[in-house]
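If you want it as structure tokens, here you go:
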């Protein structure tokens, strides 16, 4: 169970969290939305352990965490295969096992023929698919996502989101997903946590029980959820 208990964190005099509490649902897609600069990315950094709270406690089932950023963060000097192999070396000593996992993964994201390519030879869509694969190849129990679909063309975005959901359904893990896009959140999330201005607190939680494949932005239930979200964001 991933949870925060009375967590306080500040950058100098800038208090981001003050006795903050939240409990994320295991093996669900937990989406966080909130005002700009409220501390959403700080929340992810606290979970990853790159920063630590001044007080309070963060409970994590495991320290094995994958991270998906807005940028692909691929290493241009090495091949696609080696970019993926790099994150598996610390987990599996057997090169044959790593090679098999990488080849299978590349097939799943329809990139099976580009293992010898370099990242600067890839299109934007290919890079994003590769980043998704890298996050899921690492055997983490928690996947952190910081606005990973931002800046994508609408058709590419739809394809990448569908790919993410397909990978997640095959290999479910606890996802904490920061987004600023209400439609994106309603398409992807099982739970949406609406945050306040800093010091950040949970204003409300929305549980979307509808299966992903049945959701459309024109569904009455999704429209009702969107109205609820819009009303909450007016309080920012």
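Residue numbers (the numbering used here): 1 to 236.
Here a beta-carbon is modelled for each residue, glycine too, at the ideal position from N, C-alpha and C.
Note that the structure is a prediction, hence the values are computed from the model and not measured.
Ignore the nearest five residues each way along the sequence and tell me which others in residue i's own chain have a CB closer than 7 Å to its CB.
{"i": "residue 92", "result": "98"}
{"i": "residue 85", "result": "98 and 102"}
{"i": "residue 200", "result": "16, 17, 20, 34, 38 and 39"}
{"i": "residue 53", "result": "7, 8, 9 and 46"}
Less than 8 Å between the CB atoms is what I'm expecting for residue i and residue j, so what's the real figure, rounded?
{"i": "residue 48", "j": "residue 65", "result": "5 Å"}
{"i": "residue 127", "j": "residue 211", "result": "Actually they are not in contact, since the Cβ atoms of residue 127 and residue 211 sit about 29 Å apart, beyond 8 Å."}
{"i": "residue 194", "j": "residue 29", "result": "Actually they do not touch by this definition, with Cβ atoms about 15 Å apart."}
{"i": "residue 8", "j": "residue 55", "result": "5 Å"}
{"i": "residue 166", "j": "residue 141", "result": "Their Cβ separation, rounded to whole angstroms, is 19 Å, which puts residue 166 and residue 141 out of contact at 8 Å."}
{"i": "residue 161", "j": "residue 188", "result": "6 Å"}
For residue i, which residues from the same chain have a beta carbon less than 8 Å from its beta carbon, with the 5 sequence-adjacent residues on both sides left out?
{"i": "residue 186", "result": "192, 208, 215, 217, 222, 225, 226 and 229"}
{"i": "residue 232", "result": "194, 203 and 204"}
{"i": "residue 5", "result": "21, 56, 57, 58 and 59"}
{"i": "residue 180", "result": "33, 36, 147 and 150"}
Which residues mark the beginning and the end of the beta strand (DSSP E) in which residue i is found?
{"i": "residue 121", "result": "Unbroken run through residue 121: none, as it is neither H nor E."}
{"i": "residue 15", "result": "14 to 24"}
{"i": "residue 55", "result": "55 to 59"}
{"i": "residue 4", "result": "2 to 11"}
{"i": "residue 204", "result": "202 to 207"}
{"i": "residue 30", "result": "29 to 33"}
{"i": "residue 281", "result": "The chain is shown from 1 up to 236; residue 281 falls before or after that span and cannot be answered."}
{"i": "residue 192", "result": "191 to 195"}
{"i": "residue 174", "result": "174 to 178"}
Quick check: residue i and residue j, are their CB atoms within less than 8 Å of each other?
{"i": "residue 137", "j": "residue 87", "result": "yes"}
{"i": "residue 51", "j": "residue 43", "result": "no"}
{"i": "residue 69", "j": "residue 146", "result": "yes"}
{"i": "residue 129", "j": "residue 163", "result": "yes"}
{"i": "residue 2", "j": "residue 24", "result": "yes"}
{"i": "residue 239", "j": "residue 83", "result": "Because the chain here runs from 1 to 236, residue 239 falls outside it and cannot be looked at."}
{"i": "residue 237", "j": "residue 79", "result": "A question about residue 237 goes unanswered here, because the residues of the chain that appear run from 1 up to 236."}
{"i": "residue 122", "j": "residue 67", "result": "no"}
{"i": "residue 156", "j": "residue 124", "result": "yes"}
{"i": "residue 236", "j": "residue 197", "result": "yes"}
{"i": "residue 184", "j": "residue 149", "result": "yes"}
Determine the extent of the alpha helix (DSSP H) in which residue i is found, giving its start and end residues.
{"i": "residue 187", "result": "182 to 188"}
{"i": "residue 233", "result": "220 to 233"}
{"i": "residue 216", "result": "Residue 216 -> no alpha helix (DSSP H), and no H or E assigned at all."}
{"i": "residue 198", "result": "It is not in any alpha helix (DSSP H) - residue 198 carries neither H nor E in the DSSP assignment."}
**Message:** Give the list of continuous beta strand (DSSP E) stretches no shorter than 3 residues that lie fully inside the region 74 to 124.
**Reply:** none
**Item:** Every unbroken beta strand (DSSP E) inside the region 123 to 164 [3 residues or more]
**Value:** 142 to 146
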